[in-house]
Structures are given as C-alpha cells and as structure tokens.
Amino acid sequence: MFTGLVEEIGTIKQVKSLSGGMEITVNALKVLEGLALGDSMNINGACQTVTEFDKNSFKVTAVEETLKKTNLGKLKTGSRVNLERSLTMNKRLGGHFVMGHVDTTGKILSIRKLSTSYLLEVSYPKEFSKYIINVGAIAIEGISLTIAGFTERSLTVSIIPHTWTSTNLSDKAQAMEVNLEFDVLGKYVAKILSKDEASGITGEWIKQNGF
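Using this note's numbering, you'd call the opening residue of the sequence shown number 9 and step up by one each time.
Following this line, the structure appears as structure tokens:
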C-alpha cells in the first residue's frame with residue numbers, strides 16, 4: 009500500500025524483454041534507503057517487487073498482465089518514472105490509500121497552464137465512472153490527486169507547481185498514456201451498492217419500510 013506522494017523521480021537504466029514480461033532497471037537514490045529484496049515499489053502507479061538492487065539502482069520484473077493494464081511496457085532507457093516505497097506504520101498518510109493496482113490507462117486530452125496551477129484532462133473508459141465523484145481521489149501515474157471535475161468520458165485534476173515539478177507530469181504531453189487507479193474506497197462502496205440493488209434493497213425501499 010502507498011500514499012500517492014512521490015518520493016523521487018527515477019530514471020530507467022535498462023529494459024529487457026522476457027518471455028511473458030519485462031525486466032526493468034531503475035536508477036534511483038532516496039528510495040534505495042533501507043530497501044530489501046522482495047520490497048514493494050510503486051513505479052508510475054504500478055506496485056512492483058524488487059528482485060535485485062545495488063547502491064545506485066534496483067530491478068523489477070513486470071509480468072504480462074501488468075504490461076497489458078499499464079504503460080510500463082512503453083518505458084525505455086532514459087524515461088523518468090515516479091517512485092514511492094510502500095507505506096510503513098510510522099509514516100504520515102498525506103495522500104490517500106493507493107494500492108498500486110492500476111485499473112486502466114487514460115490519454116491526456118489537454119494540459120492547461122493557469123496562473124497558479126496546471127489543469128490536466130484525462131480520458132478514461134466509461135465503465136469506471138461509478139468510482140468517480142467531485143473532489144474525490146484518484147492516482148494518476150502513482151500520484152495522489154483530487155478530481156476537480158468529470159464527465160462520463162474524462163476527468164480533470166488541478167496540479168500545484170510543486171507536484172508538477174517533483175513528478176514526471178512535467179514530461180507529459182497531449183495524447184500520452186497515463187496509468188489510472190481509482191479510489192479503493194469508491195470501489196468498495198460501488199460493490200456494496202450493487203449487492204443491495206441485486207437484493208432489492210435500495211434507498212427508496214429503506215425509506216418505504218421505515219428505516
């Protein structure tokens with residue numbers, strides 16, 4: 009589990025195709041502190057397991073399912089990636105609960121620079137609209153962001169200058185693909201509501217029956 013607060017921007021040192029996956033080597037500094045084999049690392053929003061590391065870099069293996077659901081398969085040498093180590097019990101939860109399980113990818117529709125922020129509009133598949141509310145949370149490229157507005161096909165987030173410069177969002181351009189993870193709390197609520205509807209228990213039923 010993660011917070012969506014990026015600790016460091018890493019740089020891809022090497023990508024190597026494997027049968028059914030890809031080995032990724034990332035140059036980094038801060039996230040290597042206290043790192044151990046088997047630790048979880050959030051790379052652009054995708055939770056990956058550290059398989060090897062030294063004082064300057066670490067390796068992970070992205071499996072086929074991860075490459076299908078995320079944009080990790082498009083990484084190349086020199087690509088900059090958002091990195092965050094897994095949450096510990098003594099760490100502040102400054103963002104929101106990010107699982108590192110990317111739901112889908114979206115495309116950047118527009119980037120607008122405003123006087124004190126940036127406005128990013130991203131498309132997403134319609135079936136995920138049930139997880140979205142105004143001022144709700146979403147992780148884009150592993151970054152915890154607040155939804156400023158949305159339609160059935162796209163959502164907008166406002167990004168402060170610090171987040172823009174301390175993540176790889178400043179590398180992005182229109183039509184680029186980004187990883188999206190919708191709020192896990194929203195998923196649980198949607199699941200509960202779908203079960204209630206299937207059983208015939210709705211808000212109207214509750215009112216009619218005096219609850």
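Quick reminder that beta carbons are idealized off the backbone N, C-alpha and C, glycines included. Note that this is a predicted model, so its numbers are computed, not measured.
Beta bridge pairing from DSSP links LYS38 with no other residue.
A straight-line Cα-Cα distance of about 15 Å links CYS55 and GLU16.
Using a 10 angstroms sphere on the CB of LEU37, the tally of other CB atoms stays under 16, which defines it as exposed.
In this structure, SER131 is the residue among LEU91, SER131, ALA147 and ILE119 with its C-alpha nearest to the C-alpha of ARG161. Residue LYS21 holds the alpha-carbon nearest to the alpha-carbon of ASN64 among LEU13, MET97 and LYS21. The beta carbon of LYS24 lies closer than 6 Å to those of GLU31 in the same chain, with the five residues before and after it left out. When C-beta atoms of the stretch 101-108 are compared with those of the stretch 140-154, three or more pairs fall below 8 Å, so the two segments count as touching.
For ARG93 and THR33, the gap between their C-alpha atoms comes out near 16 Å. According to DSSP, residue pairing for ARG93 in a beta bridge involves MET49.
Residue range 169-174 is occupied by the alpha helix (DSSP H) that includes THR173. Inclusion of PHE66 and ILE140 in the CB contact set at 9 Å is not warranted, their separation being larger than that value. Under the three-state reduction of DSSP output, LEU177 falls in the helix class. By the 16-neighbour rule on beta-carbons within 10 angstroms, GLU135 is exposed. When Cβ pairs closer than 8 Å are counted between the two stretches, the stretch 172-184 is seen to touch the stretch 115-124, the count reaching three or more. Exposure of VAL143 is indicated by the presence of fewer than 16 other C-beta atoms within 10 angstroms of its C-beta. A residue is called buried once 16 or more other Cβ atoms fall within 10 Å of its Cβ, and ASP111 is buried on that count. Residue pairing for TYR126: DSSP places it in a beta bridge opposite LYS121 and ILE167. Annotated three-state conformation of LEU193 is helix, per DSSP. Nearest to ALA44 by C-alpha distance, out of LEU26, LEU163 and VAL68, is VAL68. With a contact defined as Cβ atoms closer than 8 Å, SER166 and SER125 qualify at about 5 Å.
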